[in-house]
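Residue numbers (the numbering used here): 261 to 392.
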């Protein structure tokens, strides 16, 4: 089984899964998502919710993501995007939302991840998931 689709995004969130806030309560550290990370996760969830497959992928799983950033001066469709955020950090926040939405049982079942950043005339993320 496999799926592939494109999630159009007006703007790709630049925040990553590492954007956390650390607080101390009763002498113990508490870590939680920043406001920006919560917003990014909601953007991802909104783009993914209508694409949840009827049946979850079974382990082992491969995932490919191509992040499509808006074109800039002297760039053409397909050129690599080499600015922040890091491709791996973007993937983590996105894959976490896919896990919550039940694209698969657990993200530990993902054995292969490919995450690319490219320029494109349409902003968003191309997603492909498949059983290895």
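Using N, Cα and C, we set each Cβ at its ideal position, and we do this for glycine too.
Consult DSSP for residue i and reduce its assignment to one of helix, strand or coil.
i	result
residue 380	strand
residue 272	coil
residue 356	helix
residue 367	helix
residue 298	helix
To the nearest angstrom, report how far apart residue i and residue j are at their CA atoms.
i	j	result
residue 296	residue 304	12 Å
residue 333	residue 288	49 Å
residue 343	residue 358	24 Å
residue 337	residue 290	43 Å
residue 300	residue 268	14 Å
residue 376	residue 326	5 Å
residue 262	residue 365	15 Å
residue 310	residue 348	24 Å
With a Cβ-Cβ cutoff of 9 Å, do residue i and residue j count as a contact?
i	j	result
residue 308	residue 369	no
Near residue i, which residues of its chain fall below 6 Å by C-beta distance, leaving aside the five closest residues on each side in sequence?
i	result
residue 294	279, 281
residue 271	none
Cβ of residue i less than 9 Å from any chain B Cβ?
i	result
residue 271	No chain B is present in this structure, which holds just one protein chain.
Less than 8 Å separating the Cβ of residue i from some heavy atom of the ligand SAM?
i	result
residue 356	Of ligands this structure carries none, so the ligand SAM is not represented either.
Identify, in the order they occur along the chain, each residue of the same chain with its Cβ nearer than 7 Å to the Cβ of residue i, setting aside the five sequence neighbours on each side.
i	result
residue 324	374, 388
Whole beta strand (DSSP E) elements within the segment 306 to 349, 3-residue minimum: For the segment 306 to 349, whole beta strand (DSSP E) runs of length 3 or above, ordered along the chain, are 321 to 330.
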